[in-house]
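S.K.: One structure is given below, represented as structure tokens, and several questions about it will come after.
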Amino acid sequence: MEDITVLFVDDEVNVLSSLKRGLYKEDYRCMFAESAGEALKIMEEHKIAVIVTDMKMPGMDGLALLRILKEKYPNTVRVVLSGYTHLQQVVLAINQGDIYRYITKPWKVEDEFKPVIRQAVEYYQLLAGKEELQKALEFKNASIQNILNVMNEKLSISRKDYDNVKKFIGGIMAFLMSEMINPAQTNTDTAAFFDMVQRFCQGFLNTIPTEISEFKAAVLLEGITASVSRYKIFEKVYIKNEDHNNIICCGNYKLTLYTVIYILNYISTQNTAGELNMGIITKNELKYIDTEIYADIRTVYKSDYTMQNNLMLVEKLINTTLKELGVIVRIRNQNNVIQLKYKTMFVPKSV
30 MEDITVLFVD DEVNVLSSLK RGLYKEDYRC MFAESAGEAL KIMEEHKIAV IVTDMKMPGM
90 DGLALLRILK EKYPNTVRVV LSGYTHLQQV VLAINQGDIY RYITKPWKVE DEFKPVIRQA
150 VEYYQLLAGK EELQKALEFK NASIQNILNV MNEKLSISRK DYDNVKKFIG GIMAFLMSEM
210 INPAQTNTDT AAFFDMVQRF CQGFLNTIPT EISEFKAAVL LEGITASVSR YKIFEKVYIK
270 NEDHNNIICC GNYKLTLYTV IYILNYISTQ NTAGELNMGI ITKNELKYID TEIYADIRTV
330 YKSDYTMQNN LMLVEKLINT TLKELGVIVR IRNQNNVIQL KYKTMFVPKS V
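Counting from 30, one number per residue, gives the positions in the sequence shown under this note's numbering.
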């Protein structure tokens, strides 16, 4: 607890000397003041976790000091050390100084004094942890609200897009809430986590209004290849040579292109070098009602637990938000290779 400082205030030098001798082995930092004025100067220059003050001191007494501390340093835990045991004095200290504990003189260092100070330090750490948690929660709530505000700006879209956006927002909220239940699972800093989500939201909204169009599978592959080359996502790109010109699909081209590029770009930003082997496999099933297009993408990277956890978050983000729109993503790594499979449903059209 080297970052924890406890300040002791007493006008009796022999009391402070006794405290110095009794507390020199404690793992928190000890500071000492012989008056309330000196204590206030120390408070201005140092972050004090716990202050232990005598009540009867010349000039400014302990009660006056406690009132100032309560107003100016509310997070500092206040403890009274005094030979006064008069009930009225104790009540004043509690009511006006909002003290944590009242220790009477004389005291036993090991049995009485040290345990109280340790408890006061633990109480301070508990309050500090609660405050940090509250700040993190407020930041997350603000981030969620910011995401929702961005999405609300786009809600002037046509009626046909309403259901898609509603499903997407529902997926975003489900994803965020599932991660907030146990934020440690994200294994990443809060700002980076919400930046990832917000970028995906903004990109999705740029695919609005939804356009269901006919396009060749080869065109989709060329669009992905062109984006990869334009943004210089990978150092080397290998495209499989299957002929997809005879396969014409009808679906959301913009959403498919954006989602694949988003994943590729995210993977590349997490790694130094990259090599992409890409192709599309089509399957005509269920009496040619649906066509499933797969993109098998690989990039070399150094295996890392944080990286794997981030990839799982991206996979979960996309599957949670786009599953209702017919998109399923699978990201796996094996032998320092990330494998991505993007699966969606298209209605096949004859040439």
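Note that the Cβ used here is the ideal one computed from N, Cα and C, for glycine as well.
Ordered along the chain, which non-local residues of its own chain (more than five positions away) have a Cβ less than 7 Å from that of K76?
M.R.: These residues qualify, in order along the chain: T34.
S.K.: Can you tell me whether E74 is buried or exposed? The criterion is at least 16 other CB atoms within 10 Å of its CB, across all chains shown.
M.R.: The residue in question, E74, is exposed, as its Cβ has fewer than 16 Cβ neighbours within 10 Å.
S.K.: Please report the residue range of the beta strand (DSSP E) in which L36 lies.
M.R.: Secondary structure note for L36: its beta strand (DSSP E) is the uninterrupted segment 34–38.
S.K.: Please confirm if the segment 43–62 is in contact with the segment 142–160, defined as three or more CB-CB distances below 8 Å between the two stretches.
M.R.: yes
S.K.: Can you give me the start and stop residues for the beta strand (DSSP E) that T133 sits inside?
M.R.: Bounds of the beta strand (DSSP E) holding T133 are 130–133.
S.K.: Given this structure, state the Cα-to-Cα distance separating I277 from I241, to the nearest angstrom.
M.R.: 13 Å
S.K.: Among the residues of its own chain, which have a CB less than 8 Å from the CB of V42, if the five just before and after it don't count?
M.R.: E63
S.K.: In this structure, what does DSSP give as the bridge partners for E304?
M.R.: K265
S.K.: Under a Cβ-count criterion, where at least 16 other Cβ atoms within 10 Å of its own Cβ denotes burial, should S111 be classed as buried or exposed?
M.R.: buried
S.K.: Given that a residue counts as buried once 16 or more other Cβ atoms are within 10 Å of its Cβ, and exposed if not, what is P87?
M.R.: exposed
S.K.: Please classify S297 as buried or exposed, where buried requires at least 16 neighbouring CB atoms within 10 angstroms.
M.R.: buried
S.K.: What distance in whole Å lies between the Cβ atoms of I268 and L293, which are believed to be in contact at a cut-off of 8 Å?
M.R.: Between I268 and L293 the Cβ distance is about 13 Å, and since that is not below 8 Å, they are no contact.
S.K.: For A68, which of helix, strand or coil comes out of DSSP?
M.R.: helix
S.K.: Assuming T196 contacts E344 under a Cβ cut-off of 8 Å, what Cβ separation, rounded to an integer in Å, is found between them?
M.R.: Note on residue identity: the sequence assigns Lys, not Thr, to residue 196. Between K196 and E344 a beta carbon distance of about 18 Å is seen, past the 8 Å cut, so the two are scored as non-contacting.
S.K.: On the three-state DSSP scale, how would you describe N275?
M.R.: N275: coil per DSSP, three-state reduction.
S.K.: Give me the residue from A68, Y57, N338, S47 with the minimum Cα distance to Q154.
M.R.: Y57
S.K.: Give me the DSSP bridge partner(s) of R58.
M.R.: T34
S.K.: Among I176, E251, K164, whose alpha-carbon lies nearest the alpha-carbon of L205?
M.R.: I176
S.K.: Whole-angstrom Cβ separation of A79 and V150, contact assumed at under 8 Å?
M.R.: Before going further, note that residue 79 is Val rather than Ala in the sequence given. Contact holds; Cβ gap of about 6 Å.
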